[in-house]
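Asker:
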Amino acid sequence: MGCWRTLTVDLEAPLADVAMGGADRLHITAFAGSRPLGSVLVPAPIDPFPAPLLADALVEHFAEAWHGAVLEDRLSPPAAAPAEGLRTAVLVCSRDRPESLARCLRSIGSLTARVDEVIVVDNASSVPGTRAVVEAAGARYVHEPVPGLDRARNRGFAVTTADVVLCTDDDVEVDPDWASRLLDCFADPLVMAATGLVLPARLDTEARQLFEEHAGFSRGVRRRVFDGAETSAASAGAAGAGASMALRTDAVRRAGGFPEQLDAGTPTASGGDTAMVYEVLRQGFRVVYEPRAVAFHHHRDDPVELTRVLRGYGTGLYAFFTHGIARHGDLDLLLAATRWTATRLVRETARSLLHRPGAAPAALALAELRGSLAGPLAYRRATRRIEDRPNVALPSHRPEDGRWWGCPATPATDMPATDKPTDEMDAATLPSVSIVIPSRGRRSSLLRLLGHLRTQSQTAEVVVVLDGDLDGSAAALAALPDLARPVLVTLDPPSPAQGLGAALARNAGAAAASGEVLLFLDDDVVPVDDLLVHHHATLHARAGRPVLGVGPCPPSQLWVDDRFAMAVRNWWVDHHGRLLRDEPGLTFTDVATANLSVPRTCFADLGGFLPVARREDWELGYRAVGAGIDIRAVPAAIALHEADVDLASALEDRHSEGQGDVAFARAHPGVARRLPLGDWARLGRRRRRLVASLFDRPERFRFVLRAAPPVLGMLAARGFVSRWSRIRTDLAFVSYWSGVAAAAGTADVLDTLLAPEVGRTAVRTDQAVVFDLEAPTAWQPPPAAGNGDGDVLVVAGGEALGWAPLGWGGFPWARERFSTAVRWAFADHALRAEARAVAP
Amino acid sequence: MTALAEIDLLDEASVLPPSTGPLRVLVRAGTTVLGTVDVNGDPSHADATRRLLVDRFAATLWARSRVQVPATDAGCGADELTVVVCSRDRPQLLRGCLEALARLTPASGHVLVVDNAPTTSETEGLCAELGVARIVEPVPGLDRARNRGWGAATTPLVAYVDDDARTHPDFARAVASAFMAREIVAVTGLVRPAELTTAAQVQFEAHGGMGKGDRRRLFHREAAPVGVQPHRIGVGTNMAFRRSVLAALGGFDDRLDVGTATRGGGDLDMLYRVVEAGHVVVYEPAAVVHHIHRRDEAGLLRQSYDNGVAYAACLQKWESATDGPKGAAAIGAARTRWHVSRHVRGPLGAMRRRDLVGLRLLLAEAKGSRHGRTALLAETRRITGRT
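Protein chains in written order, with the working numbering: chain A, 524 to 1363; chain B, 4 to 390.
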């Protein structure tokens, strides 16, 4: 096979001749900046290999991928920085390889990111030297006498004080940016694990080339996010390997550590990393495969060893399958194992035995087959072996203190100085605040909220609006001491079973309030600190002109058990993450009434909320933006929200949203395309037929919608999360559109609302929203033009490419989706436009 | 009839000729060849056509404009190149060739005409008229003439073009600069048709022609093997060598090529031996030569027949020259593959496609392939007799 030289090339940097050192082929991995584009093997029998020939190969293989990467870079929102004060550690488990460990530690020493500690666990080494190497590198030496890679990892996680631990192996060299790229992934509090791209360090011998081809670690060059709330944990194997993996300490400790019967040093030989990713996904959290974090693995240069390693991979994989199926009763994993056996194991072995092109040598394939067959028994043997000794004791995970969004936990008084009441903004100069709380049949949570509001350091008038007194709330309020008693407005709904709705209740509360600023709170939120009122008041005092202040309402619990609760949690965390990070460019879809402040006069001018069951919040925001009122985040005014929704009531909510959207769109022609009902024009044939049938009989799927949630619950409990998630989305779709159908009556109404001339004319004349693919701020999106209701004009190379429906990005939290959609639709156009700019 | 054209997308002044028929366009970006495209010439839509071409090569154009290759002086200069033209009693064709060579910018170091077994003095007169150096090789045989050519040349690089070829003005620069490393000892280039006026010429191009693609490629025994198929590297009407390597390998084989019983194959044999010796050959599409294909079908069939004789003779030669049974077996396998694909399956496919011309060409080649062995033996006997 000859001798190959590995080379990483940055296409953005000047190329140079390549010294071949006796090799006659180049294994090139191309990057555009930090983005990997792919690998290619190029004949290079010239030493040094001339740069023009290198450029030929690069242009031939990577031109389009390169352009795609550049476009993606331009369109991606700047990566959010990980939470300040995240403590980090690097963990290397090593056994009997001091030289290779020294090389690994050297590369760790040149990391650009701040690493608080480097821990090396010396796992049952039989040769001396490890301790000396570790101490010479200034790392922390921990000894673990019992052999087992997972046991060594647990030892590392037991001693570390870090929040995020970056794991790698002793036969790996990491790129200087490795740690910072992986850590960037943890800006999202839902990311519990991140894995990186592992490239071969050298391919100079046939054994190494075979290893790379048939047992390499590369998982491709596309960034992938595995969301445990939507994808089955059985996909854990695709997420990456322990040679380059970062984990939140919390997640590992929650899972009870790595399963000690797995991975090297035990009969199972590997699989511990996959098992941990699996656990994270089972908790509904996210695992990111970030190919920009690069590590280089030194493959074994020994054909015998190679066979052993492949055999171990087979054993480890099937031991992992056994582990998941036996421990969690995960039937989806059983299905995945069956599929893997049929398509991969049997077919690849057959291909190898038939010497098909690209197949592994028969000896390797048979080794993997043998290892795989031995997997379940090896798992049993390893489990027996650890039965009689205790696992490594891990400190229990940190108690849930409701502060998961800012790691580490900071006490409430430790607010940024500018937000303290003692700031230049004296409490006396702040506007007076009236808190309006609509409530219906939730006495205990209402009283709890009132209790919290009493402790606020800025006093405020509290107006409680009871939308029908179902459970003696009025009496309970009357029983409060004088000072704590809120202003009480009681509405009188025509029938006690159905209230007048929160919108009318809020309007009534606003009418009774006397403060300069209205602060709407839901009755089931809990303020995080005593400055909630102050933060809102400060925003309005600072803004100088009327603004709408939206405070975040993140869920109170990050660790939940129910499958649907995980999905809801992820949605809320994403949605309120933008407010917590104080991202600019909020628009009407960011307005939520659970924690919203608005000047009272301004609210009166706008005319209050539209009396609909849902969407009154967006509708108010829409009118506000139309009136030139900004929507601002109040990041510090956090009110925790108990996300105790179940699937059945969530489906009902979707139904109401469908109804609300129709009312919203009727009130404001042109907004329809920015609402979910704007999909009507883009639905596929089958979906469109389904929706059309709903218009004939809006109640058609009532029984299905009622019966489905318990059945779905069983599906999720057996691990079929992908399927569960798909069905759930379909149900929500049906529910939403039956709401639309119920409110609209006929499909013609939708066609009228979505008529192409509505909205677009306004954009095309004086305020066309131009989305320049080449401008670095291009991702700063459409909402910049206020209520630009229609489409966005996409340009590149000074050339108009076409119109993108704003509906794609109408929801600001879906910006990434918008940029992806634009990229899909216009990448080719952009490439051609830019080429025309090159060639006159 | 298809007209030939060329366009440089980076040069605004470069436009397509005002033609209304189909055009075969060589598309370049500066000195880089992007590809060949057939378009419908329409002077009123010149801009649209150009835009079409830019779109077609958008990714390459964009990437080439961004990739940063340092300016290098690793390649050779055009003045280090001697262009050798071997000709035998075809002064009319030769005149066109020499005139094209006179238009080279930058000019090549030298131009040398080898007058092979002349029967008239017309070639001598032509060279005197154009002021081109000329030497005589009295014994007929293209390879003999080629050997005479590099023997007489004084520059380190020698390029060979045939008298029915017309070089592109950029030819000398492109060839010389492709010698960008000492391992590269030979460079072949792109051969485009000079004209596509007769049916035979169109047929010849349709059945493969002489071009080897639009991509720069390397050939090497280990890293980029070409096996026993040197015709994938290039052809004799557009090839250049380091003179030192020709000397080291003992020059071209006098028994081969036009003028002898083997009727061709001297170029293939030399390229094969260069690669087998462990050297690197580069195919450089920017080095363009336009070749006047045979105008009549008889000529086309004769050339096919000649190719059959020549390749069979080459295989025979390589087989007897390899040491060890493994090499001989490889050549035997190549011969079998050649016969099966070109002389059994090829004609069957041509019949299925109702491609009568293709069928006749392949059959002519098959017929020729039966005489390669005897032709080589006859030439071997003649040479040993002569020496």
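We put the CB at the ideal spot given by N, CA and C, even for glycine.
Measuring CA to CA, which of 1074/A, 1051/A and 1049/A is closest to residue 1061/A?
Answerer: With distances taken between Cα atoms, residue 1061/A lies closest to 1074/A.
Asker: Could you tell me which residues DSSP pairs with residue 768/A in its beta bridges?
Answerer: For residue 768/A, which the question treats as bridged, DSSP gives the partners 690/A and 718/A.
Asker: So that I know if they touch, is there some Cβ in chain A lying closer than 9 Å to that of residue 111/B?
Answerer: No, no contact with chain A.
Asker: Output the boundary residues of the alpha helix (DSSP H) element that contains residue 656/A.
Answerer: Run containing residue 656/A: 653-659, per the alpha helix (DSSP H) assignment.
Asker: Would the stretch 246-255 of chain B and the stretch 532-550 of chain A be scored as touching if the rule is three or more Cβ pairs under 8 Å?
Answerer: Contact between the stretch 246-255 of chain B and the stretch 532-550 of chain A is absent, because fewer than three Cβ pairs lie under 8 Å.
Asker: Under 8 Å Cβ-Cβ, which residues of chain A neighbour residue 187/B?
Answerer: Going along chain A in sequence order, the residues near residue 187/B (Cβ under 8 Å) are 569.
Asker: Is it true that the CB of residue 32/B sits closer than 9 Å to the CB of residue 59/B?
Answerer: Going by C-beta atoms, residue 59/B is not nearer than 9 Å to residue 32/B.
Asker: Going along the stretch 772-786 of chain A in order, which residues come within less than 7 Å of chain B, judged by CB to CB distance?
Answerer: Correct list: empty, as no residue qualifies.
Asker: Return the Cβ separation of residue 551/A and residue 562/A in integer angstroms, given the expectation that the two are a contact with Cβ distance under 8 Å.
Answerer: Correct: roughly 7 Å between the Cβ atoms.
Asker: In three-state DSSP terms, what is residue 1152/A?
Answerer: If DSSP states are grouped into helix, strand and coil, residue 1152/A belongs with coil.
Asker: Can at least three beta-carbon pairs, one atom from the stretch 1137-1151 of chain A and one from the stretch 1218-1232 of chain A, be found at a separation below 8 Å?
Answerer: The stretch 1137-1151 of chain A is not in contact with the stretch 1218-1232 of chain A.
Asker: For a contact meaning CB atoms closer than 7 Å, what does residue 582/A contact in chain B?
Answerer: Those are 63, 66, 67 and 70, listed as they occur along chain B.
Asker: Please work out which residues of its chain come closer than 7 Å, Cβ to Cβ, to residue 674/A, disregarding the five sequence neighbours upstream and downstream, and give them in chain order.
Answerer: Excluding residues within five positions, the ones whose Cβ falls inside 7 Å are 667, 783 and 915.
Asker: Give a yes or no on whether 9 Å exceeds the smallest Cβ distance from residue 252/B to chain A.
Answerer: So no, residue 252/B is outside the interface.
Asker: Over the uninterrupted beta strand (DSSP E) stretch that includes residue 1082/A, give me the two end residues.
Answerer: Note, residue 1082/A: premise wrong, no beta strand (DSSP E); not H, not E.
Asker: Give me, in chain order, the residues of the same chain whose beta-carbon lies closer than 6 Å to that of residue 15/B; leave out the 5 immediate sequence neighbours on both sides.
Answerer: Result list for residue 15/B: empty, nothing under 6 Å.
Asker: Taking just the CA atoms, how far does residue 877/A sit from residue 547/A?
Answerer: Taking the straight line from one Cα to the other gives about 29 Å.
Asker: Quickly, what does DSSP pair residue 1089/A with across the bridge? List them, please.
Answerer: Per DSSP, none; premise fails for residue 1089/A.
Asker: Just checking: is the beta-carbon of residue 576/A within a distance shorter than 9 Å of some beta-carbon in chain B?
Answerer: Residue 576/A counts as touching chain B.
Asker: Along the chain, which unbroken stretches of the alpha helix (DSSP H) at least 4 residues long are found entirely within the stretch 1106-1190 of chain A?
Answerer: Runs of the alpha helix (DSSP H) inside the stretch 1106-1190 of chain A: 1123-1129, 1139-1149 and 1170-1190.
Asker: What are the uninterrupted segments assigned as alpha helix (DSSP H) that are 4 or more residues long and contained completely in the stretch 153-227 of chain B, given in chain order?
Answerer: Listed in chain order, they are 174-181 and 202-209.
Asker: Per DSSP, what are the beta-bridge partners of residue 118/B in this structure?
Answerer: 90/B and 139/B.
Asker: Could you check whether residue 156/B and residue 115/B sit closer than 9 Å to each other, using their CB atoms as the reference points?
Answerer: Yes, the Cβ-Cβ distance between residue 115/B and residue 156/B is below 9 Å.
Asker: Quick one: what's residue 530/A bridged to in DSSP?
Answerer: BP columns for residue 530/A point to 551/A.
Asker: Taking a cut of 8 Å between CB atoms, which residues from the stretch 218-237 of chain B lie near chain A?
Answerer: Result list: 218, 219, 221, 223, 225, 226 and 227.
Asker: Select from 796/A, 870/A and 875/A the residue whose C-alpha is nearest the C-alpha of residue 844/A.
Answerer: When each option's Cα is compared against that of residue 844/A, the closest is 796/A.
Asker: Find the residues of chain B that neighbour residue 610/A, judging by a C-beta separation of less than 9 Å, and give them in chain order.
Answerer: Within chain B, no residue comes near residue 610/A; the closest Cβ sits about 40 Å away, beyond 9 Å.
Asker: Within a Cβ cutoff of 6 Å, which residues of the same chain sit near residue 183/B, ignoring the five residues on either side of it in sequence?
Answerer: Closer than 6 Å at Cβ, skipping near neighbours: 77 and 78.
Asker: Quick one: using the 10 Å Cβ neighbour count with 16 as the cut-off for buried, is residue 533/A buried or exposed?
Answerer: Exposed is the call here.
Asker: Within 8 Å, do at least three Cβ pairs link the stretch 1228-1239 of chain A to the stretch 1141-1152 of chain A?
Answerer: No: the two stretches stay apart, fewer than three of their Cβ pairs being nearer than 8 Å.
Asker: For residue 94/B versus residue 122/B, is the C-beta distance shorter than 9 Å?
Answerer: In this structure, residue 122/B does not lie closer than 9 Å to residue 94/B by Cβ.
Asker: Once the 5 residues before and after residue 22/B are set aside, which same chain residues still bring their CB inside 6 Å of it?
Answerer: Cβ within range, chain order: 6 and 44.
Asker: Go ahead and pull the three-state DSSP assignment for residue 1271/A.
Answerer: Three-state result, residue 1271/A: helix.
Asker: Please name the residue or residues paired with residue 611/A in a DSSP beta bridge.
Answerer: 687/A.
Asker: With respect to the alpha helix (DSSP H) encompassing residue 635/A, which residues constitute its N-terminal and C-terminal limits?
Answerer: Taken as a continuous stretch (DSSP letters only), residue 635/A belongs to no alpha helix (DSSP H), as it is neither H nor E.
Asker: Less than 8 Å separating the Cβ of residue 824/A from some heavy atom of the ligand GTP?
Answerer: With respect to the ligand GTP, the structure offers nothing, as it holds no ligand at all.
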